[in-house]
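Residue numbering for the sequence shown follows the numbering used here, starting at 111 and increasing by one per position. Positions of the beta carbon are idealized from the N, C-alpha and C atoms, including for glycine.
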Amino acid sequence: GSLLNQAGLFRRAMGDYIGGLALAEARFEVTTSLYQEADRGYQVGLHNLGTARIRAGDLTGAEEALRRAVTLCEVHFSGTDDLAVSYNMLGYVLDEQARAGAMEHLAEAIKYYQRALHLRRQLFDRQSEPVASSLNNLAAARDLQGRGAAAARLYAASLRIREAVLPAGDARLAYGYMNTGALWLKAGRADKAEDLLKQALHIWQEAYHDVPLHPDRCDAADWLIACLLVRAAAGENRGHREMQARQLADQYGVDLDERVAIAAQIPYDPKAQ
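Below you can see the structure in the form of C-alpha cells.
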C-alpha cells in the first residue's frame, strides 16, 4: 500500500494523472482490507482516491468518494481538521462540476467551503496555512459566482497569510500568486497582475524543474502570456513584453496568435480601483 501511494505521488508530480488514478484505485483496494470505516486510514484513503479522480477528470467518481468521506468523518471525526479537509475536498469537486457547466453545484460548493473555513478558524490560528487554504477555495467559488470584489478580498487575505507563514519558494505560495494575479488581470489591472504571475511561474519552474510541461507550469505561463500581451497592446514597453510572450509561447507550446486574440478581449484600466 505504501509503495502504491508513493508511486501515485510520483505519477502526479510528473503530470500523469491517468496513471496516478490507476495506482490510487489499487491503493484503495489495499486500504479496504487494512482498515475499518471508522479508522482514520480509511478516511485518508477516500481523500486520496477522490483527489486522484479529480485530477484524472472523473468528477462524478470523485464526488461519490468525497461525499462518503464527509459522511463518515461527521460520524467518527467530528470537530477535527479531518472533517474540514473532507468539507474542502467535497466543495472543490462540486466547484469543478460547476466550472464544467453544472452551475447548480456552485451553491453547495460554497456551503462546504464555508463549513471548512468556520471549523478551521476554531481549530487553528487565523494566521495559518489551513485557514489560508480555505479562504483561497472560497475566493475561487465567489469569482465563479460573479462576485469579483469579494473574491479579490478573499484571495488577498489568503495570500497575506501564506506569505507570513510559509517559507519563500513554497509551492503553495504559487497558487496564491497565480490566483490573485489572474483575478487582477480579469479585473482590468494587468499592471498589478504581472509580478504576481511571474512569481507563480518562477516557483513552479523551480518545483517542477524536471517536468518542463507540468500542468501547473503551463497554467502560470498561459496567464502570464495573456498579461504581457495586454500590457504590450496598451503600449507599455511593447517590444520587450511581446518578446517575453513569444518566448514563453515557444517554451510551453502555446498558440501565440490565439492568445493575442484572447488578450484583446481582456479589459485594461491601470487607474481602476
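_For Met199, count the other beta carbons within 10 Å of its own beta carbon; 16 or more makes it buried, fewer makes it exposed. Which is it?_
For the purposes of this step, residue 199 is identified with residue 89 of the sequence shown, where counting begins at 1. Met199 comes out buried.
Quiz item: Which residue from Ala292, Tyr318, Ala317, Ser188 puts its Cα closest to that of Ala336?
Solution: Indexing the sequence shown from 1 puts residue 336 at position 226. Considering only alpha carbons, the answer is Ala292.
task: Report yes if the CB atom of Ala267 is closer than 7 Å to the CB atom of Asp205, and no otherwise.
output: If you number the sequence shown from 1, residue 267 lands on position 157. If you number the sequence shown from 1, residue 205 lands on position 95. Contact: no.
- [ ] Taking the CB atoms as reference points, tell me whether Leu307 and Leu334 lie closer together than 7 Å.
- [x] Within the sequence shown, residue 307 is the residue found at index 197, counting from 1. Within the sequence shown, residue 334 is the residue found at index 224, counting from 1. The answer is yes: Cβ separation under 7 Å.
Residues in the same chain with beta-carbon distance under 8 Å from His216, minus the five sequence neighbours each way, listed in chain order, please. Translated into the one-based positions of the sequence shown, residue 216 becomes position 106. Strictly speaking, residue 216 in this sequence is Leu, with His absent from that position. Same-chain partners within the cutoff: Leu204, Asp205, Ala208, Ala251, Leu254, Gln255.
Counting pairs of Cβ atoms below 8 Å between the stretch 271-281 and the stretch 226-241, do you hit three or more? yes
Exercise for the section: Reducing DSSP to helix, strand and coil, say where Arg257 ends up. Expected result: As a position in the sequence shown, residue 257 is number 147, starting the count at 1. Looking at Arg257 - three-state DSSP - the assignment turns out to be coil, as it is neither helix nor strand.
Within the stretch 173-245, note down every full alpha helix (DSSP H) run reaching 4 residues or more, in order along the chain.
191-209, 216-233
Original post:
How should Asp320 be labelled, buried or exposed, when 16 other C-beta atoms within 10 angstroms of its C-beta is the threshold for buried?
Top reply: Position 210 of the sequence shown holds residue 320. Result: exposed.
- May I ask you to report which of helix, strand or coil DSSP gives Glu147? As a first step, residue 147 must be located in the sequence shown, where it is residue number 37. Correct three-state label for Glu147: coil.
Let's see if you can read the secondary structure: which residues bound the alpha helix (DSSP H) around Ala281? The residue labelled residue 281 in the question sits at position 171 within the sequence shown. Residues 281-296.
Legend entry - Residue interval of the alpha helix (DSSP H) (run including Ala317): Walking along the sequence shown from the start, residue 317 turns up at place 207. For Ala317, the uninterrupted alpha helix (DSSP H) segment begins and ends at 300-317.
| query | Alpha carbon to alpha carbon, what distance is there between Trp314 and Gly129? | reply | To locate residue 129, count along the sequence shown from 1; it is residue 19. To locate residue 314, count along the sequence shown from 1; it is residue 204. Looking at the two C-alpha atoms, the distance is approximately 22 Å.
**Request:** Taking all protein chains shown into account, decide if His157 is buried (16 or more other Cβ within 10 angstroms of its Cβ) or exposed.
**Result:** Here residue 157 refers to the residue found at position 47 of the sequence shown. Buried is the call here.
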